[in-house]
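**Q** Pasting a structure below so you can have a look.
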Amino acid sequence: MTQTIAFDVYGTLIDTDGLVERLRKTCGVKAADFSQLWRQKQLEYSFRRALMRRYEPFAVCTRDALDYASEFLGICLTAGEKQELLDSYRTLPAFDDVSAGLASLKTSGFRLWAFSNGTAEAVETLLEGAGIREFFLGVVSVHDVHSFKPDPAVYWHFLGIAGTEANSAWLVSGNPFDVIGAVSAGMKAVWVRRSPEAVFDPLGMEPTLTVEGLHELDKRIAVYQLR
0 MTQTIAFDVY GTLIDTDGLV ERLRKTCGVK AADFSQLWRQ KQLEYSFRRA
50 LMRRYEPFAV CTRDALDYAS EFLGICLTAG EKQELLDSYR TLPAFDDVSA
100 GLASLKTSGF RLWAFSNGTA EAVETLLEGA GIREFFLGVV SVHDVHSFKP
150 DPAVYWHFLG IAGTEANSAW LVSGNPFDVI GAVSAGMKAV WVRRSPEAVF
200 DPLGMEPTLT VEGLHELDKR IAVYQLR
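If you want it as structure tokens, here you go:
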């Protein structure tokens with residue numbers, strides 16, 4: 000059976016630290032710390048909202064996290080500066096290895112989907128701006144379920160939309176919580192470990208494969224399937 004691959008978007012295909020240079024204008028030497036905290040709180044707020052069943056779109060989590068990072072680091076941003084940063088978050092760049100990696104997988108016959116915490120509209124805009132939308136059959140958003148990864152319901156939702164079974168589907172993500180969520184839901188999962196300092200969460204569920212970038216993904220999956 001043809002294998003389906005669900006690609007996480009933020010932090011896997013798209014570099015969420017792509018705003019660091021822009022942040023230097025307002026945050027100076029705190030730019031990298033600001034970017035990291037903003038991302039950390041963005042995910043934390045999505046986890047909290049899913050657990051409390053108080054869903055709001057991912058853009059709301061992003062906005063609230065921006066407010067937190069600004070206050071915590073003591074960086075006074077005007078309403079205009081905050082809006083500019085939020086607008087810029089919709090046009091982040093793809094990692095350097097993404098385009099060639101996706102092209103190789105598509106040529107090999109894999110069914111590629113984008114699967115994200117973001118709304119479909121936001122993800123479509125992001126992928127178009129990064130020049131990689133053409134590689135995907137479609138975009139699946141957790142917004143339809145009104146929850147967030149790693150809620151099992153969102154992975155089952157993906158499988159239903161993609162028209163595939165869990166044993167024929169892969170999740171590719173740079174986020175350990177997402178990999179663990181997919182494995183817990185019965186899918187195979189690849190952790191994209193872009194930094195040697197990155198640590199996988201010790202929760203008793205390991206990735207099916209670990210890669211350093213998308214450039215090696217096609218061959219690694221092919222070898223795994225021959226086992």
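If you're matching positions, the sequence shown starts at 0 in numbering that gives the first Met the number 0 and goes up one per residue. Quick reminder that beta carbons are idealized off the backbone N, C-alpha and C, glycines included.
Can you grab the Cα-Cα spacing for the pair T207 / E215, in whole Å?
**A** 14 Å
**Q** Just to confirm the assignment: which complete beta strand (DSSP E) runs, minimum length 3, are found wholly within the segment 130-203?
**A** 138-140, 168-172, 187-191
**Q** For S115, report the span of its beta strand (DSSP E) as first-last.
**A** 110-115
**Q** Which residues in the same chain as A188 place their Cβ atom closer than 6 Å to its Cβ, once the five residues preceding and following it in sequence are excluded?
**A** L170, V178, A181, V182, P206, T207
**Q** Going by C-alpha to C-alpha distance, which of F71, E70, K40 sits closest to F57?
**A** K40
**Q** At which residues does the beta strand (DSSP E) containing V210 begin and terminate?
**A** 208-210
**Q** Kindly list the residues whose CB is nearer than 8 Å to the CB of W190, restricted to its own chain and excluding five residues on each side of it in sequence; keep chain order.
**A** By the criterion of a C-beta distance shorter than 8 Å, W190 is surrounded in its chain by S172, G173, P175, V178, F199, P206, L208, T209, V210, once the five residues flanking it on both sides are discounted.
**Q** Tell me, to the nearest whole angstrom, how far the beta carbon of T163 is from that of T3; I am working on the premise that it is less than 8 Å.
**A** Contact check for T163 and T3: beta-carbon distance about 4 Å, within the 8 Å limit, so the pair qualifies.
**Q** Who are A5's beta bridge partners in DSSP?
**A** W112, L170
**Q** Measuring only the C-alpha atoms, how far is S140 from L101?
**A** 19 Å
**Q** Checking 7 Å against the spacing of the C-beta atoms, do A49 and S115 come in under that value?
**A** Not in contact: A49 and S115 (Cβ atoms no closer than 7 Å).
**Q** Name the one or two DSSP bridge partners that A93 has.
**A** I13
**Q** Using CA atoms only, rank isn't needed, just tell me which of M51, T61, Y223, G27 is closest to G73.
**A** G27
**Q** Rounding to the nearest angstrom, what Cα-Cα distance links T25 and G108 in this structure?
**A** 45 Å
**Q** Going straight from the alpha carbon of P154 to that of F6, what length do you get?
**A** Reading off the sequence shown, one finds Tyr at residue 154, where the question assumed Pro. Y154 and F6: Cα-Cα distance of roughly 12 Å.
**Q** Measuring alpha carbon to alpha carbon, tell me which of E70, G117, L36, A221 ends up nearest H142.
**A** G117
**Q** What's the gap between the Cα of V97 and the Cα of L213?
**A** 6 Å
**Q** Going by beta-carbon coordinates alone, are F135 and A121 separated by less than 7 Å?
**A** no
**Q** Going by C-alpha distance, which of Q82, F94, R192, V19 is nearest A129?
**A** F94
**Q** Can you name, in chain order, every residue of its own chain whose Cβ lies under 8 Å from the Cβ of G123, other than the five neighbours on each side?
**A** Residue identity differs from the one stated: residue 123 is Glu in this sequence, not Gly. Excluding residues within five positions, the ones whose Cβ falls inside 8 Å are R132, V138.
**Q** Just the C-alpha distance for A68 and R21, rounded to the nearest angstrom, thanks.
**A** So the alpha carbons of these two residues sit roughly 15 Å apart.
**Q** Indicate whether L65 and W37 have their beta-carbon atoms separated by less than 7 Å.
**A** Their beta carbons are under 7 Å apart, which means L65 touches W37 by this criterion.
**Q** Return the Cβ separation of A165 and G185 in integer angstroms, given the expectation that the two are a contact with Cβ distance under 8 Å.
**A** 4 Å
**Q** In angstroms, rounded to a whole number, what distance separates the CA positions of S167 and E55?
**A** 31 Å
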